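**Student:**
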Amino acid sequence: MEDYKKMLEEVRKNLPEAVFLKERFEIPKVLGHMQGNRTIVSNFLQIASALRRDADHLLKYVLKELATPGEVKKSGALILGTKVPASRINEKIRQYANDFVLCFECGKPDTKIEKEGSLSYMKCTACGAKNIVKAKI
Numbered sequence: 245m246e247d248y249k250k251m252l253e254e255v256r257k258n259l260p261e262a263v264f265l266k267e268r269f270e271i272p273k274v275l276g277h278m279q280g281n282r283t284i285v286s287n288f289l290q291i292a293s294a295l296r297r298d299a300d301h302l303l304k305y306v307l308k309e310l311a312t313p314g315e316v317k318k319s320g321a322l323i324l325g326t327k328v329p330a331s332r333i334n335e336k337i338r339q340y341a342n343d344f345v346l347c348f349e350c351g352k353p354d355t356k357i358e359k360e361g362s363l364s365y366m367k368c369t370a371c372g373a374k375n376i377v378k379a380k381i
């Protein structure tokens with residue numbers, strides 16, 4: 245038993261640090277700038293894609309939470325009608341991920357939103373959990 249523990253410790257020392265990190269899912273940070281009275285987020289569609297959610301759903305959530313008008317241009321950039329710091333936009337996107345992407349049971353991002361009748365459920369493909377999500381914004 246003693247030899248086994250020594251061998252196990254030796255193997256663990258040789259593993260890369262990334263193996264021990266729990267967070268395999270990272271939400272991309274917003275890239276953009278302020279132009280006059282507007283804020284431009286150039287990687288909005290990439291963020292929606294990374295979250296594996298509909299860009300319109302994410303857009304409605306972000307605009308409602310930031311209480312600002314905005315739209316997504318053909319280029320994929322989100323244009324907000326007011327000046328908003330990137331930290332606030334990132335915070336709202338993280339909040340969206342907690343409410344609509346990460347599983348309530350296991351915390352993994354392997355979820356899909358399915359509609360059954362008038363209710364929407366978030367179904368986790370990792371653990372099989374199924375929970376009602378807030379109405380589509």
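In the numbering used here, the protein residues as written are 245 to 381. Where is the CB? At the ideal position from N, CA and C, for every residue including glycine. The structure presented is a predicted model; accordingly, all values stated were derived computationally and were not measured.
#1: Taking the beta carbon of VAL285 as the centre, do at least 16 other beta carbons fall within 10 Å, making it buried, or is it exposed?
#2: Where does LYS304 fall in DSSP's three states?
#3: Going by other Cβ atoms of all chains shown within 10 Å of its Cβ, with 16 needed for buried, is CYS368 buried or exposed?
#4: Quick check: the Cα distance between LYS273 and SER362, rounded to an integer number of angstroms?
#5: Spatial neighbours of LEU307 within its chain, please: CB distance less than 6 angstroms, with the 5 preceding and 5 following residues excluded, ordered by chain position.
#6: Within the chosen definition, does the region 316-328 reach the region 338-350 through at least 3 CB pairs nearer than 8 angstroms?
#7: Tell me whether VAL255 sits in a helix, a strand or coil according to DSSP, three-state version.
#8: Taking C-alpha atoms, which residue in SER364, PHE269, ASP354 lies nearest to GLY372?
#9: Does ILE376 get closer than 9 angstroms to chain C when you measure Cβ to Cβ?
#10: Please return the same chain residues whose Cβ sits closer than 7 angstroms to the Cβ of ASN375, not counting the five positions on each side in sequence.
#11: Please return the same chain residues whose Cβ sits closer than 6 angstroms to the Cβ of THR326, not counting the five positions on each side in sequence.
#12: Taking its Cβ as the centre, do 16 or more other Cβ atoms sit within 10 Å of VAL345, making it buried, or is it exposed?
**Tutor:** Result, derived from the coordinates:
#1: On the sequence shown, residue 285 is found 41 positions in, with the first residue counted as 1. Under the 10 Å beta carbon count, VAL285 is surrounded by 16 or more other beta carbons and is classified as buried.
#2: As a working note, residue 304 is residue 60 in the sequence shown. DSSP places LYS304 in helix when its eight states are reduced to three.
#3: Taking the sequence shown and counting its residues from 1, one reaches residue 368 at position 124. CYS368 comes out buried.
#4: Position 29 of the sequence shown holds residue 273. Position 118 of the sequence shown holds residue 362. Taking the Cα positions, LYS273 is about 33 angstroms away from SER362.
#5: Counting from 1 along the sequence shown, the entry for residue 307 is found at position 63. Cβ within range, chain order: GLY314.
#6: The region 316-328 is not in contact with the region 338-350.
#7: Counting from one through the sequence shown, the residue named residue 255 turns up at place 11. Here VAL255 carries a helix assignment [DSSP, helix/strand/coil].
#8: Taking the sequence shown and counting its residues from 1, one reaches residue 372 at position 128. ASP354 is the residue among SER364, PHE269, ASP354 whose C-alpha sits nearest the C-alpha of GLY372.
#9: Reference to chain C is not applicable here, since this structure consists of a single protein chain.
#10: What you label residue 375 is simply residue 131 of the sequence shown in a count that begins at 1. Setting aside the 5 residues that flank it on each side, ASN375 is surrounded in the same chain by PHE348, TYR365, MET366, each with a C-beta closer than 7 angstroms to its C-beta; the list follows chain order.
#11: Within the sequence shown, the letter at position 82 stands for residue 326. Cβ within range, chain order: THR312.
#12: For the purposes of this step, residue 345 is identified with residue 101 of the sequence shown, where counting begins at 1. VAL345 comes out buried.
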